[in-house]
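Notes follow once the structure below has been shown.
In my numbering, the protein residues as written are 1 to 125.
Shown next as structure tokens:
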């Protein structure tokens, strides 16, 4: 189960540049969106306009829809745009819905999994 990918295995399919960023994130299956279900945690590896990749302790099934919550220190959501905040203590919260397109054992940290997610939408709440 852990070594799964969607079609296009082995081919580079990214259309957007990725930015390497290390921050913690929370996630849970979209069907189970409650405060209790959002107890899974991971570490963001990189993010781009089309999706992100994160590291976690448990495998996540391919095609699972997730709600992901990311907190960006020093940034804020300026209606429709993300901007650096002059207030360094500001934390921009981004909630996105994504679909798992790949889950493989991590080459970076043995015993963990690298999960790739394609964005499906954003929660504006």
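Yeah, the Cβ is synthetic: ideal placement off N, Cα and C, and Gly gets one too.
- The continuous stretches of beta strand (DSSP E) do not include residue 60, and DSSP gives it neither H nor E.
- Sequence-distant partners of residue 71 (beyond 5 residues in either direction) whose C-beta falls short of 6 Å from its own C-beta, in its chain, are 91, 93.
- For residue 116, the enclosing beta strand (DSSP E) has its first and last residue at 113-123.
- For residue 58, the closest alpha carbon among the candidates 83, 109, 98 is that of 109.
- Annotated three-state conformation of residue 46 is strand, per DSSP.
- Taking all protein chains shown into account, residue 102 has 16 or more neighbouring C-beta atoms within 10 Å of its C-beta and is therefore buried.
- When C-alpha distances from residue 51 are compared across 84, 113, 99, the shortest belongs to 99.
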